[in-house]
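According to the working numbering, the residues represented by the sequence shown are 5 to 159, in order. We treat Cβ as the ideally placed atom computed from N, Cα and C, and that holds for glycine. Since the structure comes first, as structure tokens, the remarks are kept for the end.
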Amino acid sequence: MCIRDSSYIGKNLAPSSSKSSIWKQKDIVNATGKIGTLAIVFSHQDLIEANQTSLNLGIQIALTGMVFIALVGVAIGYLLTRRLESLAVSAQRIAEGDLEVRTNLKGRDEVAIVGQAFDHMAENIKTYVDNLIDSEEELRKAHTTLEKRVEERTR
């Protein structure tokens, strides 16, 4: 602030105190005595405004980052639970007797590895059940043949 108005000459320029500015006053003297006062104000207002702007920008960036991370977390959670749900539904269908069901999960993550192991297990169960059905059919035929032979011999 530069004072060029002559009405201030000879008056005390002591400003009111402020957190955003500092006043420095120095008497100007020569051999005959005091000839005037030099008053300078150093303002921190620009620094305070820049600090507030930086703080606001930092808060905006942090909030945007948190929202982004939350959205990514929700998306990953959805994808993971969807694959786990597929595995759970397949297990339920196997328990209900549907031996043709498979998860068909692909990938290298833990869920895909469990899904592939589940598919292998389901294939083995189907093979064992088919073998049991075939064995049962053979045993029925053998039983029927034996009963006919016994019946023929006992007549």
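Give the straight-line distance between the Cα atoms of residue i and residue j, rounded to the nearest whole angstrom.
i	j	result
R157	Y132	37 Å
G37	D31	10 Å
I80	N55	37 Å
D123	D134	16 Å
Q120	N108	7 Å
V154	I137	25 Å
R144	M125	28 Å
D113	G62	36 Å
A95	T85	15 Å
Q64	M70	10 Å
Leaving out five residues before and five after residue i in sequence, what residues of the same chain have Cβ atoms less than 8 Å from its Cβ?
i	result
L88	V115
Give me, in chain order, the residues of the same chain whose beta-carbon lies closer than 6 Å to that of residue i; leave out the 5 immediate sequence neighbours on both sides.
i	result
G111	none
M5	Unreliable placement is indicated for M5, whose pLDDT of 45 sits below 50; no coordinate value is reported for it.
Q49	S24
S139	none
S90	T107
Nearest to residue i by CA position, among the options, is which residue?
i	options	result
I44	L59, S25, K152	S25
T41	K28, I52, S47	K28
If I measure Cβ to Cβ from residue i and keep anything under 7 Å in the same chain, skipping five residues before and after, which residues do I get?
i	result
I39	I32, V33
R97	V105
Could you check if residue i belongs to the surroundings of the ligand SAM, using beta carbon to heavy atom distance under 7 Å?
i	result
V93	This structure lacks the ligand SAM, and indeed carries no ligand of any kind.
Original post:
Is there contact between the stretch 69-83 and the stretch 98-112, where contact requires at least three CB pairs shorter than 8 Å?
Top reply: Pairwise C-beta distances place the stretch 69-83 out of contact with the stretch 98-112, as fewer than three of them are shorter than 8 Å.
Original post:
Whole beta strand (DSSP E) runs in the stretch 28-56 with 3 or more residues, listed along the chain?
Top reply: List check, beta strand (DSSP E) in window: 37-47.
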